[in-house]
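Notes to accompany the following structure.
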Amino acid sequence: MKWFVNLFRVFRREMWRVFTDVGVLIFFFGLPLAYPVVYTLIYNPEVVTEIPTVIVDHSRTAESRDLVRAIGSTQAVKVIGYAADLAEAKRAWAEKKCYGVVEIPADYASRIGTGKPVNVDFYSDVSLLLRYRQYLFALTGVQIDKVQQITAERITTLAGGAETMVSGLPVNTQSNLMGDTSQGFASFVMPGVFILILQQSMILGVCCLAGTANDRRRFRRQGRADVPIPGDDYSGAGPVTVVLGKTLCYVVIYLPLAYFILTIVPEVFSLPHVQSASQYMPFVFPVLVASALLAQTLQVFVRERESCFPLIVFTSVVFLFMSGLTWPRYAFNQFQLFIADLVPATWGVNGFIRITSDGSTLSNVAGFYRPLWYLSAGYFITAVLLRGYVFRKKA
Amino acid sequence: MLASLRRGIRTLGSRRIYILMLIIVPLACAFFFLNLMNEGLPTRIPVGVVDMDQTEMSRSLTRKLGATELLEINHTFSSYHEAYEKVLQGELYGFFYIPRNFQDKAVAGEQPSLNFYSNMTIFVPGTLSYKGFKTIAVTTSSGMVETELVSVGLSEGAVGALTMPINFPTHPIGNPWINYSYYLSSSFIIGVVALLAMIMTCFTLGQEIKNETSPEWIATARGSMLRAIVGQLLPQTIVLTVVGVAIQSLLYGWLHFPMNGPAWRMILAMFLMVTASQSFGVFVFEIVPNLRLSLSVVSLLGILAFSLAGFSFPVEQMYGSLGIFSYILPIRYYFLIYIDQALNGQELYYSRFYYMALLAFDLLPFLMAGRLKRRALNPVYVP
Chain A
4 MKWFVNLFRV FRREMWRVFT DVGVLIFFFG LPLAYPVVYT LIYNPEVVTE
54 IPTVIVDHSR TAESRDLVRA IGSTQAVKVI GYAADLAEAK RAWAEKKCYG
104 VVEIPADYAS RIGTGKPVNV DFYSDVSLLL RYRQYLFALT GVQIDKVQQI
154 TAERITTLAG GAETMVSGLP VNTQSNLMGD TSQGFASFVM PGVFILILQQ
204 SMILGVCCLA GTANDRRRFR RQGRADVPIP GDDYSGAGPV TVVLGKTLCY
254 VVIYLPLAYF ILTIVPEVFS LPHVQSASQY MPFVFPVLVA SALLAQTLQV
304 FVRERESCFP LIVFTSVVFL FMSGLTWPRY AFNQFQLFIA DLVPATWGVN
354 GFIRITSDGS TLSNVAGFYR PLWYLSAGYF ITAVLLRGYV FRKKA
Chain B
1438 MLASLRRGIR TLGSRRIYIL MLIIVPLACA FFFLNLMNEG LPTRIPVGVV
1488 DMDQTEMSRS LTRKLGATEL LEINHTFSSY HEAYEKVLQG ELYGFFYIPR
1538 NFQDKAVAGE QPSLNFYSNM TIFVPGTLSY KGFKTIAVTT SSGMVETELV
1588 SVGLSEGAVG ALTMPINFPT HPIGNPWINY SYYLSSSFII GVVALLAMIM
1638 TCFTLGQEIK NETSPEWIAT ARGSMLRAIV GQLLPQTIVL TVVGVAIQSL
1688 LYGWLHFPMN GPAWRMILAM FLMVTASQSF GVFVFEIVPN LRLSLSVVSL
1738 LGILAFSLAG FSFPVEQMYG SLGIFSYILP IRYYFLIYID QALNGQELYY
1788 SRFYYMALLA FDLLPFLMAG RLKRRALNPV YVP
């Protein structure tokens, strides 16, 4: 019973520390509430459309104009004009007026008419792969349409008897997209980023709390006036109780925030959101627990209130790559996998995007769920050991 | 000036965090990103085959799928549901479905259909598996047409013109291999350098006020803010520029990333980007001369920069009210210079505005230096 009283005391004390520190409140509430919205707004246009494109038409025939019309009517391409030659088109590209150049050969119409294959060269800027990808999809579409149209004409005139045999392709192919079929950029990247925001904001806040307490102790030693008490004095509670009490505090604060980020924001911006909260909220719970315990492990290295900024902020970029969102996990080597597996968000991101975009159930993603509890157990041990060490040092 | 500089150098050595954040972290990040993506393209995507046909033709199709560089057939299944389950579990990124009686129908001309399923939840493997599946499906199909047409007496040349009358050979300029690392590493690693430059600038200035050493800092510079700021930050400029150029030589020298222009243009861009980021940090600190708040502002902007600078999603496609913020970020101009000078090998003329913009950032601190001086002379630490 005494133990529960102590646990509650730690919990209450920690709540008081969180809600009386503006800096921590910004991390715990400002960041998770504002960041997902701002971030989604940046990517909300989702699909790259109407990329400015220049045509170099050496043919200047009805057929070539027909091709330009077909290319220009795709979603990805916007024909901004004709250039006399490649040099002129290159100038437009250098000035960033266009990102692609279509060069139609002089004999385009005659080759089409005489039944010879023809090459239409396409020069693409690849400074961004998203643009290049849109171009490829558009051109493949145009090519398939043209091929069907031209082949149908030719077979009737040329092959005569073969017409019946090749009225269609002998084998149909059908592509099916699963998961996030919208192909939008926000829909792809944001669900993963949400999990990362939860973990990182919690680590920042917890480290800030620890740094502040250290600062206050140091200032008191230096004899600086009116410094408040450190506030992390937990007389009577052992390291296990302190770690559990604090974890409880952080998780209680973060559960409603997680609901906001993972349910309300995706609905507002119509991001992929196919499963119900009953599947992903239980999944997110160990993400929060493991993050809280990881944060309490890392906080020992933060000696000062503000040093959490340099030490923690840049890791968000590294953790994003470790999650396998930009560079898939199957292409990691053993060492990289080992490091990435130590980060709760890695499992969190992979499990959550499968639940929210693919419609997996909690039991489908058991492979991502179980490691989160192993990590929690591991970071619980490190947090308790380090807490015990800090207690001894203070004593 | 010398006294101020000496003080700046002493600051660098005063705490481990400076060496850690200015040298070790940027180099470690560079190593991490380059090591992670050193293959350039994440080929061998784990996918499956559902073979409902179990004939010579379906097995040869399975072999063909396994032989492509893009795909790695990890599993063969005997039902759609087994394969779909594996996708839901996140083990596979897609599968190829060969229906029952495929061979019989194909031979009898009954147009059976080949289905393939790609999971687009993760962009790169989704797109690549789609491409791998599509190539095999289409070549299988057109291979059959060609066999048939040749068998009815057409020459092979005429058949080629029949099945592929029009082609779009694409020429990706500067990165014909479509190497992902080229564009991810070149922007993200340097983005980390820019982020750290801004953070450490605010951190350094804020420490003076927090530790109440700022009056001494101004006194060492004999009252000149220019001397004070340059003296304190120039050592960091040099360290970060050297680290940045080391990263560049790793990228363009050691790993042979595309460098289609003279190297000095990128080195100059690196130096200007580091000073611009520092000046930006100083400017933010002049507006909010508070250690924690200024760090919050530069961290927020520094992290948003990875999206706002248009490393992956083009700026001109963002909402105008957000896209406009990309122009207040030094890293955006470095990124544009990198595209022009290293990737595309343009004339210097086309990048002139970007270099000028980076230079213009260095003027920012002059705007409110007086305000910073007043605060520095009466330091008040607000936690």
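Line by line, the protein sequences give chains A and B.
Taking this note's numbering, I'd label the letters of the first sequence as residues 4 to 398.
Taking this note's numbering, I'd label the letters of the second sequence as residues 1438 to 1820.
Quick reminder that beta carbons are idealized off the backbone N, C-alpha and C, glycines included.
Neighbourhood of residue i by C-beta distance below 8 Å, restricted to the same chain and skipping five residues each side
i: A240 (chain A); result: N9, L10, R12, V13 and G248
i: Y1617 (chain B); result: M1474, G1477, L1478, P1479 and V1561
i: V121 (chain A); result: P108, D110, Y111, R114 and I115
i: N1379 (chain B); result: Outside the shown range of chain B (1438 to 1820) lies residue 1379 (chain B), about which nothing can therefore be said.
Chain A within 8 Å of residue i, Cβ atoms only
i: K1810 (chain B); result: no
i: P1751 (chain B); result: yes
i: V1561 (chain B); result: yes
i: L1738 (chain B); result: no
i: F1803 (chain B); result: no
i: P1729 (chain B); result: Sequence check: residue 1729 (chain B) is Arg here, not Pro. So yes, R1729 (chain B) belongs to the interface.
i: V1462 (chain B); result: yes
i: M1581 (chain B); result: yes
Within-8 Å CB hit, residue i to chain B
i: Q302 (chain A); result: no
i: Y135 (chain A); result: yes
i: E166 (chain A); result: Note that E166 (chain A) scores 48 on pLDDT, short of 50, meaning its location in the model is unreliable; the coordinates nonetheless yield the value given after this. Judged by the 8 Å Cβ criterion, E166 (chain A) is not in contact with chain B.
i: L345 (chain A); result: no
i: P313 (chain A); result: yes
i: V169 (chain A); result: For V169 (chain A), the predicted model reports a pLDDT of 49, less than 50, meaning its position is unreliable; a value from the coordinates is still stated below. Judged by the 8 Å Cβ criterion, V169 (chain A) is in contact with chain B.
i: E309 (chain A); result: yes
i: T56 (chain A); result: no
i: I153 (chain A); result: yes
i: S337 (chain A); result: The question names Ser, but residue 337 (chain A) is Gln in the sequence shown. Not closer than 8 Å to any Cβ of chain B, the Cβ of Q337 (chain A) fails to qualify, so no.
i: R357 (chain A); result: yes
i: S113 (chain A); result: no
Sequence-distant residues of its chain with Cβ nearer than 6 Å to residue i (five each side left out)
i: L1709 (chain B); result: L1795
i: P242 (chain A); result: V387, R390 and G391
i: T64 (chain A); result: A112
i: M1505 (chain B); result: Rather than Met, the amino acid found at residue 1505 (chain B) in this sequence is Thr. If we look at T1505 (chain B) and ignore the five residues flanking it on each side, its Cβ neighbours are G1569.
Residue i in three-state terms, based on DSSP
i: F125 (chain A); result: strand
i: S178 (chain A); result: strand
i: D60 (chain A); result: strand
i: F1532 (chain B); result: strand
i: G84 (chain A); result: strand
i: P1802 (chain B); result: helix
i: E106 (chain A); result: strand
i: P331 (chain A); result: coil
i: M168 (chain A); result: Here M168 (chain A) scores only 48 on pLDDT, less than 50, and its place in the model should not be relied on; the value that follows carries that caveat. The answer is coil: DSSP assigns M168 (chain A) none of H, G, I, E or B.
i: N1727 (chain B); result: coil
i: F7 (chain A); result: helix
i: I264 (chain A); result: helix
i: P55 (chain A); result: strand
Contact under 8 Å by Cβ, residue i with residue j
i: V59 (chain A); j: A92 (chain A); result: yes
i: F1717 (chain B); j: F1625 (chain B); result: no
i: I1510 (chain B); j: G1485 (chain B); result: yes
i: L1804 (chain B); j: Y1791 (chain B); result: no
i: L212 (chain A); j: I264 (chain A); result: no
i: S1623 (chain B); j: Y1530 (chain B); result: no
i: T1674 (chain B); j: V1711 (chain B); result: yes
i: P55 (chain A); j: Y102 (chain A); result: yes
i: L1507 (chain B); j: P1672 (chain B); result: no
i: V277 (chain A); j: S178 (chain A); result: no
i: V290 (chain A); j: P347 (chain A); result: yes
i: V196 (chain A); j: V254 (chain A); result: no
i: Y1770 (chain B); j: M181 (chain A); result: no
i: R357 (chain A); j: S366 (chain A); result: no
i: I1636 (chain B); j: V25 (chain A); result: no
i: A90 (chain A); j: V57 (chain A); result: no
Cβ shell of residue i (< 7 Å), same chain only, five flanking positions each side left out
i: D124 (chain A); result: E106
i: L328 (chain A); result: V192, G195 and V352
Cutoff 8 Å: residue i Cβ touching any chain D Cβ
i: S1451 (chain B); result: Although the question refers to chain D, the structure presented lacks it and instead comprises the protein chains A and B.
**Message:** Please give the ranges of any alpha helix (DSSP H) in the stretch 1752-1784 of chain B, keeping only runs that are unbroken, at least 4 residues long and fully inside the region.
**Reply:** 1757-1760 and 1767-1774
**Prompt:** What are the uninterrupted segments assigned as alpha helix (DSSP H) that are 4 or more residues long and contained completely in the stretch 1448-1515 of chain B, given in chain order?
**Reply:** 1453-1456, 1462-1473 and 1493-1504
**Complete runs of the alpha helix (DSSP H) confined to the stretch 1603-1627 of chain B [at least 4 residues]** = none
**Request:** Write down every uninterrupted run of the alpha helix (DSSP H) in the stretch 1537-1606 of chain B whose length is 4 residues or greater and which is fully enclosed by it, in chain order.
**Result:** Fully enclosed alpha helix (DSSP H) runs of 4 or longer: 1539-1545, 1560-1588 and 1593-1600.
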